[in-house]
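Accompanying notes for the structure given below.
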Amino acid sequence: MWVYLELARMSTLSRLSNLSTDVSQNGCIKTVDSSSNVVELEDFDFSKLSDRPQNLNLERQRSFDERSLTEMPMGLSPHPPSRAENFNRAFDNLDSVFSPVKRSGYTTPLSQYGFGMSCEPNPMIAEAWENLRRSLVYFRGQPVGTIAAFDNSDEKLNYDQVFVRDFVPSALAFLMNGEPEIVKNFILKTLRLQSWEKKIDRFQLGEGVMPASFKVLHDPARNTETLIADFGESAIGRVAPVDSGFWWIILLRAYTKSTGDTSLAERPECQRGMRLILSLCLSEGFDTFPTLLCADGCCMIDRRMGVYGYPIEIQTLFFMALRCAMVLLKHDAQGKEFLERIVKRLHALSYHMRSYFWLDMKQLNDIYRFKTEEYSHTAVNKFNVMPDSLPEWIFDFMPMLGGYFIGNVGPSKMDFRWFCLGNCIAILSSLATHEQATAIMDLIESRWEELVGDMPLKVCYPAIESHEWRIVTGCDPKNTRWSYHNGGSWPVLLWLLTAACIKTGRPQIARRAIELVESRLSKDGWPEYYDGKHGRYIGKQARKYQTWSIAGYLVAKMMIEDPSHLGMIALEEDKHLKQPVLKRSASWTT
36 MWVYLELARM
46 STLSRLSNLS
56 TDVSQNGCIK
66 TVDSSSNVVE
76 LEDFDFSKLS
86 DRPQNLNLER
96 QRSFDERSLT
106 EMPMGLSPHP
116 PSRAENFNRA
126 FDNLDSVFSP
136 VKRSGYTTPL
146 SQYGFGMSCE
156 PNPMIAEAWE
166 NLRRSLVYFR
176 GQPVGTIAAF
186 DNSDEKLNYD
196 QVFVRDFVPS
206 ALAFLMNGEP
216 EIVKNFILKT
226 LRLQSWEKKI
236 DRFQLGEGVM
246 PASFKVLHDP
256 ARNTETLIAD
266 FGESAIGRVA
276 PVDSGFWWII
286 LLRAYTKSTG
296 DTSLAERPEC
306 QRGMRLILSL
316 CLSEGFDTFP
326 TLLCADGCCM
336 IDRRMGVYGY
346 PIEIQTLFFM
356 ALRCAMVLLK
366 HDAQGKEFLE
376 RIVKRLHALS
386 YHMRSYFWLD
396 MKQLNDIYRF
406 KTEEYSHTAV
416 NKFNVMPDSL
426 PEWIFDFMPM
436 LGGYFIGNVG
446 PSKMDFRWFC
456 LGNCIAILSS
466 LATHEQATAI
476 MDLIESRWEE
486 LVGDMPLKVC
496 YPAIESHEWR
506 IVTGCDPKNT
516 RWSYHNGGSW
526 PVLLWLLTAA
536 CIKTGRPQIA
546 RRAIELVESR
556 LSKDGWPEYY
566 DGKHGRYIGK
576 QARKYQTWSI
586 AGYLVAKMMI
596 EDPSHLGMIA
606 LEEDKHLKQP
616 VLKRSASWTT
């Protein structure tokens, strides 16, 4: 713990000085002007910190996106700036303490010791940066993204395209390295693609749908370059990407936080793009829940895996995108209309997710004793879940201390599988309360072998197999048990775990995971995923030099060595979203 605090103290002191040290392309120290860095921690007394959290008082100004729901057009009065009460909660204020920062203080490659403490380069980081830059895609002379994988050993399929979700860790790496132009280019190019007419067969998609991916088509005969987008019409299963629009909004906010440049988000085309995305997901229909109804294969798990309905990944990204849009939308006539709808949806969504998707030992015991066939508004078992549908593995998996957001909740359906991305985003977006975020980290520590194993991290747990696998996946040969999306281990998830660990004040968990990655990932050729119950084997169909595996490692490494980077991807908890979590009535036991 003291090593972590000392590194944080040194980082802060270096940022407050007029000059800071930087690491040059060959790994040695050079001097740069850091007057543009805005890090105000004058009242953060590191001398009072011990291994046990103590109360802290952080005097600070309100940041770019610290606007509460109370400041939206709902007639509520603004609340004063929040104060961190202990070390764990101090990271909830990263939004205001650490941003905006125009330069991260890191270049390529980063010193393995961090903060300019040594001239010795880290070979793995140098290799990672080299591979990341090799994956850059150019359109008319400008970098506009990174391809999914740089593996020439197999047919490319669509791995030579720029995927919106895949580019996010690459974008964060470039932002943390003080290279925002490629991120800006990507945001504008994908926005341009959004305006295209989108048809699958004879059906036209919604105007706000963002592409899953795009590629640059070179015509040497005419000496021209053209962008070609895929909105799902070429994807396996022909499913439109619900997550792309949410990641685009989240990335726009990350760019704004990192650079301090609000002009991009304020452009008319960016404002319109956000409104089109929001129109799709805030539209009224037959839904009785505030969550989004989705098809299988609409997110990172882009094949049939039984996530149709209300998957946790989409709901948490939806929540985070709404919160990001709140601070990016202008307060003009059109913007205010959407802000009002966002506030209402956030209140309903946070209550629904915290109440019905949350599972810990108490909730599990309550479900185990549920009555069924209840009718009326007083029903406790509101989704008519059958206790006999509880899977056997959940009773041994659930620790006494710990909990998580389950995979899906719908009519007579609860998917109890653990999904890493959804739970990490729940922490970063502050959908998870402080107590729930702590419980998620407790679960990861308690079930390390199951969720992390030999290679971080399980995309979901446990794997489905035998007859269930045949029914759920349709006998998918790529999603056999403990492979690919069916319990495979994905190194890209390392950056999300690291960010969640820093936000909850548990950096030691991230360091342990990073050490596991550093022991193998580079030697194995930066594969896309690993197979096996403990993630020991390179995936049977995994591409090598997978870009987001490379970028995920770089982002995790930069965040753990400079926690101030967390500000661009994490959001403070809004106190007015802290409704009491649903308390299960004991009436059904009588």
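36 is the number of the first residue of the sequence shown in the working numbering; add one for each residue after it.
Here a beta-carbon is modelled for each residue, glycine too, at the ideal position from N, C-alpha and C.
{"Check": "DSSP-derived helix/strand/coil call for A360", "Outcome": "helix"}
{"Check": "Where L394 falls: helix, strand or coil (DSSP)", "Outcome": "strand"}
{"Check": "Between the CA atoms of E242 and W453 - distance to the nearest angstrom", "Outcome": "33 Å"}
{"Check": "Completely contained alpha helix (DSSP H) runs for the stretch 515–579, where each covers 4 or more residues", "Outcome": "529–538, 542–555"}
{"Check": "Counted within 10 angstroms of its Cβ, other Cβ atoms place Q543 as buried (16 or more) or exposed", "Outcome": "exposed"}
{"Check": "Cβ shell of L384 (< 6 Å), same chain only, five flanking positions each side left out", "Outcome": "P325, F354"}
{"Check": "Simplified DSSP state of S248, which is helix, strand or coil", "Outcome": "strand"}
{"Check": "Three-state class that DSSP yields for C629 in the structure shown", "Outcome": "Look at the range of the chain in this structure, 36 to 625, and you will see that residue 629 is not part of it."}
{"Check": "Buried versus exposed call for L612 [16 or more other C-beta atoms within 10 Å across all chains shown]", "Outcome": "buried"}
{"Check": "Same chain only: Cβ atoms within 6 Å of I312, ignoring 5 sequence neighbours per side", "Outcome": "G243, G280"}
{"Check": "Segments of 3+ residues assigned as beta strand (DSSP E) that fall wholly inside the stretch 245–299", "Outcome": "248–254, 259–265"}
{"Check": "Where R169 falls, given that 16 or more other Cβ within 10 Å makes a residue buried", "Outcome": "exposed"}
{"Check": "Own chain residues within Cβ distance below 6 Å of I217, not counting five before or after", "Outcome": "P178, F209"}
{"Check": "Local Cβ density within 10 Å of W393, reported as buried at 16 or more and exposed below that", "Outcome": "buried"}
{"Check": "Stretch pair the stretch 473–488 + the stretch 425–441: three plus CB contacts closer than 8 Å", "Outcome": "yes"}
{"Check": "C455 to K493 span [Cα, whole Å]", "Outcome": "7 Å"}
{"Check": "Opposing strand residues paired with F454 [DSSP bridges]", "Outcome": "C495"}
{"Check": "V199, enclosing alpha helix (DSSP H) - first and last residue", "Outcome": "199–211"}
{"Check": "Outcome for K292 when other beta-carbon atoms lying within 10 angstroms are tallied against a minimum of 16", "Outcome": "buried"}
{"Check": "Opposing strand residues paired with V172 [DSSP bridges]", "Outcome": "G180"}
{"Check": "Residue environment, H600, which counts as buried when at least 16 other CB atoms sit within 10 Å", "Outcome": "buried"}
{"Check": "Three-pair Cβ contact test at 8 Å for the stretch 334–347 versus the stretch 255–267", "Outcome": "no"}
{"Check": "Terminal residues of the beta strand (DSSP E) in which V444 lies", "Outcome": "443–445"}
{"Check": "CB-CB length for Q306 against L327, believed under 8 Å", "Outcome": "Incorrect: roughly 22 Å between the Cβ atoms, too far for contact."}
{"Check": "Bridge-paired residues (DSSP) for I235", "Outcome": "F238"}
{"Check": "Outcome for C510 when other beta-carbon atoms lying within 10 angstroms are tallied against a minimum of 16", "Outcome": "exposed"}
{"Check": "N- and C-terminal bounds of the alpha helix (DSSP H) containing F373", "Outcome": "368–387"}
{"Check": "Exposure of E375, with buried meaning 16 or more beta-carbon neighbours within 10 Å", "Outcome": "exposed"}
{"Check": "Simplified DSSP state of M593, which is helix, strand or coil", "Outcome": "helix"}
{"Check": "Inter-residue Cα distance where the pair is D80 and R541", "Outcome": "Unreliable positioning characterises D80 in this predicted model, as indicated by a pLDDT of 38, which lies under 50. A coordinate reading is not provided."}
{"Check": "Extent of the continuous alpha helix (DSSP H) run through F432", "Outcome": "428–432"}
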